[in-house]
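Structure first, then comments.
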Amino acid sequence: MNKKKVAIVSNSLGKGGAERFATLLTFMLEDSGFQVHSIIVNDVVDYSYTGTLFNLEKESSSSSSYFRKLKKGILLRRYLVENDIEILIDSRTRNVLLRELITRFIYRNSKIYYIVHSYNFQNYFPNSKFWSRLLYKNVASLICVSKAIEEKVNLLYDFKNTITIYNPFFIAEEELKKEVSETQKVILFFGRFDEKVKNFTLMLEAFSESQIFLKGYQLHLLGSGKDLDFIKQKIESLELGNYVQIFPFKENPFDEVRQAKFTILTSNYEGFPLSVIESLALGTPVIAVDCNSGPREIIQNEFNGLLVENHNTKAFAEAMNRLVDDNELYHFCKKNASESVQHLSLKNITEQWKNLLINQK
3 MNKKKVAIVS NSLGKGGAER FATLLTFMLE DSGFQVHSII VNDVVDYSYT GTLFNLEKES
63 SSSSSYFRKL KKGILLRRYL VENDIEILID SRTRNVLLRE LITRFIYRNS KIYYIVHSYN
123 FQNYFPNSKF WSRLLYKNVA SLICVSKAIE EKVNLLYDFK NTITIYNPFF IAEEELKKEV
183 SETQKVILFF GRFDEKVKNF TLMLEAFSES QIFLKGYQLH LLGSGKDLDF IKQKIESLEL
243 GNYVQIFPFK ENPFDEVRQA KFTILTSNYE GFPLSVIESL ALGTPVIAVD CNSGPREIIQ
303 NEFNGLLVEN HNTKAFAEAM NRLVDDNELY HFCKKNASES VQHLSLKNIT EQWKNLLINQ
363 K
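Each number in our numbering comes from the position in the sequence shown (counting from 1) with 2 added on.
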């Protein structure tokens, strides 16, 4: 039986939540019986994937930036036609109107699904509501990774083709069964080092104000990104050099997450953060700010972690102290963590994608 051919178009498969999701989607769709193609605009691959990879950056070797972009468009169209791509899932950021109108022309004849990964709509919608409606009105579905995103989309544009499908976690059964005899005195952040999104200023100032380092706790930052130097300077200015350690990006930091007391998220905005889901799946509670969007749809306050008012340094510092000092609360959250995200397992989310792509007219 001929398999339906689906292509996932991404900026890259590099370090980041949307990129990590794109690789997970390759496994979900292959398990659902599709022939999977990944098409990436930029030559960065840090995560494991399945199926065929087409790297537009590698294939377009022109020295001129303009001609390279033009060649990528031509190559993309040719690839879609030569491989008879029936279904196209666009997971990129889409913040240049002219480019997106051209891309829609390139995508013609395929069934198009667009994903909105973030509450920061500047990355996905033109400023003009007219052009936003024109760009997305005739696509098969506009897939939102949180209910808050879908609600905002419909409030602004009144689309009839939206759906929410949450991001899943993908952790092997043997990993989920592993246990640690005792957690370390470590508070963990893992993700991209991007101050504009992740708000390390709030994170480090709250850690400083909490003074949990006087109780022997350290803050570990695991990841990579453009703001590493900024973070180092912030650590130095707060005189936290003895209490904060930075570790390089790791594709599957499951041991570090499992051993941490709890993990933290202080973002200005998100979509549906994989780090929060993965942490809970591994039995590690999370303290997160109540940013738009994601955390409030994952964290049940005082059940599997703590949800804190955003941009409130004092409140976040107090939350850290609560999970350090209140053993009853901490162990209650830890006991509930894994079960609280079972609906977000790869198997469950795969079924939702399969139903969408196969059953939709």
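Beta carbons: idealized from backbone N, C-alpha and C, even for Gly.
Values in this document were obtained by computation on a predicted structure and should not be read as measured data.
ask   = What is the rounded straight-line gap between the Cα of E184 and the Cα of F256?
value = As a first step, residue 184 is located in the sequence shown; it is residue number 182 there, counting from the start. As a first step, residue 256 is located in the sequence shown; it is residue number 254 there, counting from the start. Approximately 15 angstroms between the Cα atoms of the pair.
inquiry  = Do P287 and A339 have their beta-carbon atoms positioned less than 8 angstroms apart in this structure?
reply    = By one-based count along the sequence shown, residue 339 stands at place 337. By one-based count along the sequence shown, residue 287 stands at place 285. Yes, the pair counts as a contact, with Cβ atoms nearer than the cut-off.
query = Under the three-state reduction of DSSP, which class applies to G307: helix, strand or coil?
reply = On the sequence shown, position 305 is the one that residue 307 refers to. Of the three classes helix, strand and coil, the one that applies to G307 here is strand, per DSSP.
message = Suppose contacts are defined by Cβ-Cβ distances below 8 angstroms. Is G19 in contact with L276 by that definition?
response = As a working note, residue 19 is residue 17 in the sequence shown. As a working note, residue 276 is residue 274 in the sequence shown. Contact flag set, yes.
query = Residue ranges of each alpha helix (DSSP H) run of no fewer than 4 residues wholly in the segment 118 to 146, ordered along the chain?
reply = Scanning the segment 118 to 146 for uninterrupted alpha helix (DSSP H) segments of 4 residues or longer gives 131 to 138, listed from N- to C-terminal end.
inquiry  = Please identify the residue among N357, N350, L359, W355 whose C-alpha is closest to the C-alpha of F171.
reply    = Stepping through the sequence shown from its first residue, residue 171 is reached at position 169. The shortest C-alpha separation from F171 is found at N350.
message = Please confirm whether G285 has its beta-carbon closer than 8 angstroms to some beta-carbon of chain D.
response = As a matter of chain content, chain D is missing from the structure shown, which is built from one protein chain.
request  = Grab the span of the alpha helix (DSSP H) containing L31 for me, first residue to last.
outcome  = Position 29 of the sequence shown, counted from the first residue, corresponds to residue 31. Counting along the chain, the unbroken alpha helix (DSSP H) around L31 starts and ends at 19 to 33.
task = Entirely within the segment 295 to 352 and at least 4 residues each: give me those alpha helix (DSSP H) ranges in chain order.
result = Segments of the alpha helix (DSSP H) lying fully in the segment 295 to 352: 297 to 300, 315 to 327, 329 to 339.
inquiry  = So, under 8 angstroms CB-CB, R94 and N13 are touching, yes? Tell me the CB distance rounded to an integer number of Å.
reply    = Taking the sequence shown and counting its residues from 1, one reaches residue 94 at position 92. Taking the sequence shown and counting its residues from 1, one reaches residue 13 at position 11. With 8 angstroms as the limit, R94 and N13 qualify as a contact, their Cβ atoms being about 5 angstroms apart.
Those residues which DSSP pairs with S226 across a bridge = As a working mapping, residue 226 is identified with position 224 in the sequence shown. Beta-bridge pairing links S226 to R194.
request  = Would you kindly work out how many angstroms separate the C-alpha atoms of K356 and Y245, rounded to a whole number?
outcome  = Sequence index remark: in the sequence shown, residue 356 carries index 354 (1-based). Sequence index remark: in the sequence shown, residue 245 carries index 243 (1-based). C-alpha of K356 to C-alpha of Y245: approximately 46 angstroms in a straight line.
ask   = Is it a yes or a no for the segment 258 to 271 touching the segment 285 to 304, going by three-plus beta-carbon pairs under 8 angstroms?
value = Yes: at least three Cβ pairs fall under 8 angstroms.
ask   = Is the CB-CB distance between S342 and L282 below 8 angstroms?
value = Translated into positions along the sequence shown, residue 342 becomes position 340. Translated into positions along the sequence shown, residue 282 becomes position 280. The criterion of a C-beta distance shorter than 8 angstroms is satisfied by S342 and L282.
ask   = Between Y365 and N294, which are expected to be in contact by the criterion C-beta below 8 angstroms, what is the C-beta distance as a whole number of angstroms?
value = Residue 365 cannot be examined here, being either before or after the span of the chain that is shown, 3 to 363.
message = Taking the alpha carbon of R101 as the reference point, which residue from I114, Y68, I91, K60 has its own alpha carbon closest?
response = Residue mapping note: residue 101 aligns to position 99 of the sequence shown, counting from 1. Taking R101 as reference, the option from I114, Y68, I91, K60 with the minimal CA-CA separation is Y68.
message = Beta-carbon within less than 8 angstroms of V393's beta-carbon, same chain only, minus the 5 sequence neighbours each way: which residues are those?
response = For the chain, the structure presents residues 3 to 363; residue 393 sits outside this window and is missing.
ask   = What span of residues does the alpha helix (DSSP H) with I248 cover, start to end?
value = Taking the first residue of the sequence shown as position 1, residue 248 is located at position 246. Per DSSP, I248 belongs to no alpha helix (DSSP H); it is in the beta strand (DSSP E), 246 to 250.
message = Below 8 angstroms, how does it come out for the segment 196 to 208 and the segment 173 to 183: are there three or more Cβ pairs, yes or no?
response = Flag = no, the segment 196 to 208 and the segment 173 to 183 do not touch.
query = What residue does the beta strand (DSSP E) around K57 start on, and which one ends it?
reply = Looking up residue 57 in the sequence shown gives position 55. Lys is not the amino acid found at residue 57; the sequence shown has Asn there. Start and end: 54 to 57.
task = Return the residue from the list T315, L325, N314, K316 that minimises the CA-CA distance to L308.
result = Here residue 308 refers to the residue found at position 306 when the sequence shown is read from its first residue. Residue nearest to L308 within the set T315, L325, N314, K316 is L325 (criterion: CA-CA distance).
query = In terms of DSSP beta bridges, what is K113 paired with?
reply = If you number the sequence shown from 1, residue 113 lands on position 111. Per DSSP, I89.
query = By how many angstroms is the C-alpha of D327 removed from the C-alpha of S239?
reply = Locating residue 239 in the sequence shown gives position 237, counting from the first residue. Locating residue 327 in the sequence shown gives position 325, counting from the first residue. Our two residues, S239 and D327, have alpha carbons roughly 27 angstroms apart in a direct line.
Selected residue, minimal CA-CA separation from F209, among E272, L26, A317, S40 = Here residue 209 refers to the residue found at position 207 of the sequence shown. The shortest Cα separation from F209 among E272, L26, A317, S40 belongs to A317.
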